[in-house]
Amino acid sequence: MGQSEVDLANCRLRPMKVALWRGWIFVTFYADAEDFREFIAPLEEKLWWFKSDQCKLADKVTLEIDCNWKLLVENLIDIYHVPVLHRASFGKFLKSDKDKIDFELLPNGSWQYEQEARPHAKGGRQLFPTLPWLEGRGIGTSMKAGIFPNLNLSLRFDSLRMWIAWPISERKTQLFVYSLFAPSAFEQADFASNYEEYKSFLLPAIVDEDGPMVVKLQQAMASKFYQPGPLSHMEGAVHHLMRHYLEVMAEVLPR
108 MGQSEVDLAN CRLRPMKVAL WRGWIFVTFY ADAEDFREFI APLEEKLWWF KSDQCKLADK
168 VTLEIDCNWK LLVENLIDIY HVPVLHRASF GKFLKSDKDK IDFELLPNGS WQYEQEARPH
228 AKGGRQLFPT LPWLEGRGIG TSMKAGIFPN LNLSLRFDSL RMWIAWPISE RKTQLFVYSL
288 FAPSAFEQAD FASNYEEYKS FLLPAIVDED GPMVVKLQQA MASKFYQPGP LSHMEGAVHH
348 LMRHYLEVMA EVLPR
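Each step along the sequence shown adds one to the number in this note's numbering, with nothing skipped, and position 102 is 209.
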């Protein structure tokens, strides 16, 4: 190649834009994507709850679900299904107005809302030390948020969870679930048993309750009789994210 007439100075793998935010690596293949610092700037103050860089990772669980990735993203946004679909698990610990959800719609299809919900454990008891930045708040402190397109953030008084829906195909998605806790949690003598209780409480709700539901949605959408229905007034964040998705697709797809 030394005898090649090609300028090898620019012969390299395709470059990608990469950024680091609160311990997470963000990557895009889109050369014309806006600078990540500009993208995340409007969300920095709003998402102060999710200080994942001050936590330690306990586990990463990978699930493969037979549905389009957007159905999982919608499911993680939607809160009003929780008391119904998850009534046998954590749904009974959620307190919310049946007719109103105060979503805060953020730039670029992102969103957040606060709710009252106890930690993930049998009886809603607290298994791990309080997240340091929540000291002085009640045990029912809970927040959820989403960063477009596929990152979902969930906070309880003693834990953080990050969900990433990664498309495998049009009808198959990998869901990555990251469980994070305050560093002091790992010093507990009973941390291993506490984490097993936490995991055995949370994962069946996803696998046995959410999973079959979104698979049924995917199957229904494949029917020749399928027609989209109207969105509820309680699905404002779903509408917000999907409208932004359509705007992005209209911009990047060839006309």
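For glycine and all other residues, C-beta sits at the position ideal for the given N, C-alpha and C.
First and last residue of the uninterrupted beta strand (DSSP E) at residue i
i      : result
Phe146 : It is not in any beta strand (DSSP E) - Phe146 instead sits in the alpha helix (DSSP H) that spans Phe143 to Glu151.
Met250 : Thr248 to Ile254
Pro274 : Ser266 to Ser276
Leu262 : Leu258 to Arg263
Contact set for residue i: own chain, Cβ-Cβ below 6 Å, skip 5 residues either direction
i      : result
Ser261 : Lys251 and Arg268
Trp273 : Gln281
Ile254 : Ser217
Pro236 : Ala289, Ser291 and Ala292
Ala344 : Ile184, Phe210 and Trp218
Classification of residue i by the beta-carbon crowding that lies within 10 angstroms, buried from 16 upward
i      : result
Phe288 : buried
Val113 : exposed
Tyr137 : exposed
Ser105 : This structure does not reach residue 105, given that the chain is present from 108 up to 362, and the question cannot be answered.
Ile57  : The chain is shown only over 108 to 362; residue 57 falls outside these bounds and no answer can be derived.
Thr169 : exposed
Asn257 : buried
Phe332 : exposed
Pro226 : buried
Proximal residues to residue i (C-beta, below 8 Å), its chain only, five neighbours per side dropped
i      : result
Lys279 : Glu171, Ile172, Asp173 and Cys174
Glu304 : Ala228, Lys229 and Leu234
Leu338 : Val345 and His346
Alpha helix (DSSP H) segment containing residue i, residue limits
i      : result
Ile184 : Trp176 to Ile184
Met108 : Where Met108 is concerned, there is no enclosing alpha helix (DSSP H), given that its DSSP letter is neither H nor E.
Leu353 : Gly343 to Val359
Glu326 : First, the residue type needs correcting, since residue 326 is Gln and not Glu in the sequence shown. Gly318 to Met328 is the extent of the alpha helix (DSSP H) around Gln326.
DSSP beta-bridge partners of residue i
i      : result
Asp166 : Ser286
Val134 : Val125
Trp218 : Leu212 and Gly253
Neighbourhood of residue i by C-beta distance below 7 Å, restricted to the same chain and skipping five residues each side
i      : result
Leu179 : Ile172, Ala272, Thr280, Leu282 and Val321
Counting pairs of beta carbons, one from the region 314-330 and one from the region 210-217, are three or more of them closer than 8 Å? no
Three or more C-beta pairs below 8 Å linking the region 155-164 and the region 126-134: yes
Pairs of beta-carbons, one from the region 322-331 and one from the region 145-159, closer than 8 Å: are there three or more? no
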